[in-house]
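Let me begin by presenting the structure, written as structure tokens, before commenting on it.
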């Protein structure tokens, strides 16, 4: 009975919509399931656990939200991080991800599906990737036609550039943000195509979701003005554009300010000014058109001369006032690095040190996008062949995201949907064109002329080639997902000499040890990469974490790690540090350890204390070494001592001397490391995490 | 550019406007002028008396700007000259969309006022 009712409802819904065929719906359902399934490798191989560093903070805040409610969450002051400063979490995060997870959790629980919060968080990104695929179908449909949409959905379901940040277990903002991004673009393009405020309404709501979800909303609020300006310059201004953009700007900015983290920045910061400027340009343009409708051409010319000059002067004065009085704050460092990739290296070492912020090498483009890379220009060509406002949007989105993806690896994620849509345009147009010649003449009088054998075989060859290409695309994407993007970096694995898998669960071992064996108010000093994980899994106070909002505090920790033991001890006592934690990969050959990150600590510490110079830590021959050629400063630094304490006695294999560092491939320089101010508290099974207790002051 | 020619242009504009614009659109225009005046008054007040509850000021200005933009959009959609651009949108549909967006605008503004 319910099934009959359901099918009736579905039938009536289908007649209200554009009657998509059963085949279309079936394909979309399969794409939905595929997008979810391909992201499950790490969950199937290991367990349902959250990967990486940043997501642990998101998980902790979600847990807080679910346990304490929305009011407490928005007003949360967290004393356990950034000791002794604390952090106003409610006002310094983008709460979209946490709110989405909490809503999902509460909905499921109200339906008696008592899914644990951890599992909701682990699978949320994968689920939203499926949703993104469906929304991309609608976006592609809006840009060109239904066929393009379907191909775009299929492409984005498995494109590695998107999978890398939305695999099951990666619980980061981008998982929901890309969904919100494409949703906003879909509704906006629909608003421009129809000129209806209804679609603008939904675009604004989707944009509000995007602002809640990710700092990348800046991309939307700057892309749309660029798009409007381009259409104006191309002479494609229509009233639909005015309705769509102006409604979006006013309502969007208003809603944008409701998010605490953004607040008044939406009208004060330089990053939002482009949208405001284009808004006023549109008003002026429309006003001039309005006046032109009601004047003789000669009088209009006269009006234009005075009116235009006056308006430009006024605008110029307003902008100058804004900038000079400092009311409009200048662009922040993060924004400058997007325009000038070399800016961060010179001015802000912390931004430069994050591996995700490095410029992209060309091989990453192919690795993350495979055949989409060369289908992109083909898609652009077809866009220009049949130019509509929506096609212009796709082109602009594509070009700007290509530029930004080249600046920062992390932004490859924003490029992936653009590439998928463009490649989909190319593929669907090519396939449609060449399939025409493959049709045999049906048995009837009014049949079109059948293709000559040459045309038939050429078309067959092209179609076969494209199918082959897509076949390789699928193989590549699956391989990349399985090999490169499905490792939960919290648990590492290697293969033994006889092929069996060895698991390195040292991270969780160390955090669990901290949780169980240290006093509840203990403060842990470590490099900022591990801050989120220590608070989430170890449940202890940390000095610095991945939020990196206070560079001076991080520089103090860097200075402590880079100085000799006495100086470091003084800094640690000043900051009430009880335990120090370092990551050491020398025993197992894990190359993302603290010794490899040490130079960044020196550089960042050097911004605080100029006596710490990077050149002091290099050997005589200006190389970064840890063996007997290492410089004295290096051998005396706290980081060296903490990493290599007692390591001089460890003999790995018979061929190598004791104290051989597998990562650096060298025997360490100073083997009898003596520690006076700290004592070893815990070293994990494979020596990956080393925890030291800071000894209290000597009795006088 | 002397005042006489400016006066002539303004008179011509007024005459053409009165002749060519149906009443419905004139109503929208009156509202737009009203919103503009309101926004100016609020801004002048803010400049004179300080912007302490800045969110209240922003809320007022955005409410005025929003209503202005929505009314202009409604005017565009109900202008029979623009029917081709809006692909035959009926005036009832336009007004219902206008009401929807206004509801959202007022809701958020009241929330933002604090």
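Chains as they are written, first to last, in the numbering used here: chain Z, 587 to 1286; chain B, 1063 to 1176.
We treat Cβ as the ideally placed atom computed from N, Cα and C, and that holds for glycine.
Go ahead and label residue i buried or exposed: buried means 16 or more other beta carbons lie within 10 angstroms of its beta carbon, across all protein chains shown.
i, result
"residue 805 of chain Z", "buried"
"residue 1158 of chain B", "exposed"
"residue 1240 of chain Z", "exposed"
"residue 1084 of chain Z", "exposed"
"residue 803 of chain Z", "buried"
"residue 713 of chain Z", "buried"
"residue 1173 of chain B", "exposed"
"residue 1018 of chain Z", "exposed"
"residue 642 of chain Z", "buried"
"residue 1111 of chain Z", "buried"
"residue 948 of chain Z", "exposed"
"residue 825 of chain Z", "buried"
"residue 678 of chain Z", "exposed"
"residue 1139 of chain B", "buried"
"residue 861 of chain Z", "buried"
"residue 1030 of chain Z", "Low confidence applies to residue 1030 of chain Z: its pLDDT is 49, below 50, so where it sits in the model is not reliable enough to give any reading."
"residue 1212 of chain Z", "buried"
"residue 1224 of chain Z", "buried"
"residue 1112 of chain B", "exposed"
"residue 727 of chain Z", "buried"
"residue 1124 of chain Z", "buried"
"residue 1115 of chain Z", "buried"
Mind reading off the beta-carbon distance from residue i to residue j? Whole number of angstroms is fine, and I expect it under 8 Å.
i, j, result
"residue 868 of chain Z", "residue 832 of chain Z", "6 Å"
"residue 1090 of chain Z", "residue 1174 of chain Z", "6 Å"
"residue 999 of chain Z", "residue 760 of chain Z", "6 Å"
"residue 812 of chain Z", "residue 986 of chain Z", "7 Å"
"residue 840 of chain Z", "residue 1119 of chain B", "About 13 Å; that fails the 8 Å criterion."
"residue 1275 of chain Z", "residue 1169 of chain Z", "6 Å"
"residue 1278 of chain Z", "residue 1128 of chain Z", "That pair is no contact at about 15 Å."
"residue 897 of chain Z", "residue 943 of chain Z", "The pair is not a contact, with the Cβ atoms about 40 Å apart (cut-off 8 Å)."
"residue 1245 of chain Z", "residue 1234 of chain Z", "4 Å"
"residue 783 of chain Z", "residue 1163 of chain B", "5 Å"
"residue 1118 of chain Z", "residue 639 of chain Z", "5 Å"
"residue 626 of chain Z", "residue 754 of chain Z", "5 Å"
How many angstroms separate the CA atom of residue i from the CA atom of residue j?
i, j, result
"residue 823 of chain Z", "residue 829 of chain Z", "11 Å"
"residue 1001 of chain Z", "residue 609 of chain Z", "29 Å"
"residue 738 of chain Z", "residue 1133 of chain B", "37 Å"
"residue 769 of chain Z", "residue 790 of chain Z", "10 Å"
"residue 688 of chain Z", "residue 1085 of chain B", "51 Å"
"residue 757 of chain Z", "residue 1133 of chain Z", "16 Å"
"residue 692 of chain Z", "residue 1077 of chain Z", "30 Å"
"residue 1143 of chain B", "residue 878 of chain Z", "14 Å"
"residue 1362 of chain Z", "residue 1021 of chain Z", "Nothing about residue 1362 of chain Z can be read from this structure; chain Z reaches only from 587 to 1286."
"residue 711 of chain Z", "residue 1068 of chain Z", "17 Å"
"residue 1258 of chain Z", "residue 1231 of chain Z", "7 Å"
"residue 1192 of chain Z", "residue 1101 of chain Z", "33 Å"
"residue 983 of chain Z", "residue 767 of chain Z", "11 Å"
"residue 1007 of chain Z", "residue 1126 of chain B", "38 Å"
"residue 744 of chain Z", "residue 1075 of chain Z", "21 Å"
"residue 1071 of chain B", "residue 1101 of chain B", "27 Å"
"residue 891 of chain Z", "residue 817 of chain Z", "24 Å"
Can you confirm whether residue i, when its beta carbon is compared against all beta carbons of chain C, has any partner nearer than 9 Å?
i, result
"residue 969 of chain Z", "The structure shown contains no chain C; its protein chains are Z and B."
For the segment 1057-1065 of chain Z against the segment 950-963 of chain Z, are there 3 or more C-beta pairs whose distance is under 8 Å? yes
When you check each C-beta in the segment 861-883 of chain Z against every C-beta of chain B, which residues fall closer than 7 Å? 877, 880, 881, 882
Stretch-stretch touch, CB-based, cutoff 8 Å, three pairs: the segment 741-749 of chain Z with the segment 788-803 of chain Z: No, because fewer than three Cβ pairs between the segment 741-749 of chain Z and the segment 788-803 of chain Z fall closer than 8 Å, the two stretches do not touch.
For the segment 1081-1112 of chain B, list every residue whose C-beta sits within 7 Å of some C-beta in chain Z, in sequence order. For the segment 1081-1112 of chain B, residues whose beta-carbon sits nearer than 7 Å to a beta-carbon of chain Z comprise 1082.
I want to know whether the segment 679-687 of chain Z touches the segment 634-652 of chain Z - three or more CB-CB distances under 8 Å. yes
Taking contact to mean at least 3 C-beta pairs separated by less than 8 Å, is the segment 720-734 of chain Z in contact with the segment 659-674 of chain Z? no
Listed from N- to C-terminal order along the chain, which residues in the segment 813-824 of chain Z have their beta-carbon within a distance smaller than 9 Å of any beta-carbon of chain B? For chain B, the residues of the segment 813-824 of chain Z that bring a beta carbon within less than 9 Å of one of its beta carbons are 824, in chain order.
contact_flag[the segment 1137-1149 of chain B, the segment 1161-1172 of chain B] where n(CB pairs < 8 Å) is 3 or more: no
Chain B contacts from the segment 775-789 of chain Z (Cβ-Cβ distance under 8 Å): 780, 781, 782, 783, 784, 786, 787
Touching by the beta-carbon criterion (3+ pairs, under 8 Å), the segment 1190-1201 of chain Z and the segment 1230-1248 of chain Z: no
Please list, in chain order, the residues of the segment 837-854 of chain Z that have any C-beta partner in chain B closer than 8 Å. 837, 839, 840, 841, 843, 844, 850, 853
Taking only beta carbons into account, state which residues of the segment 1160-1174 of chain B come closer than 8 Å to chain Z, listed in chain order. 1160, 1162, 1163, 1166, 1167, 1170, 1171, 1173, 1174
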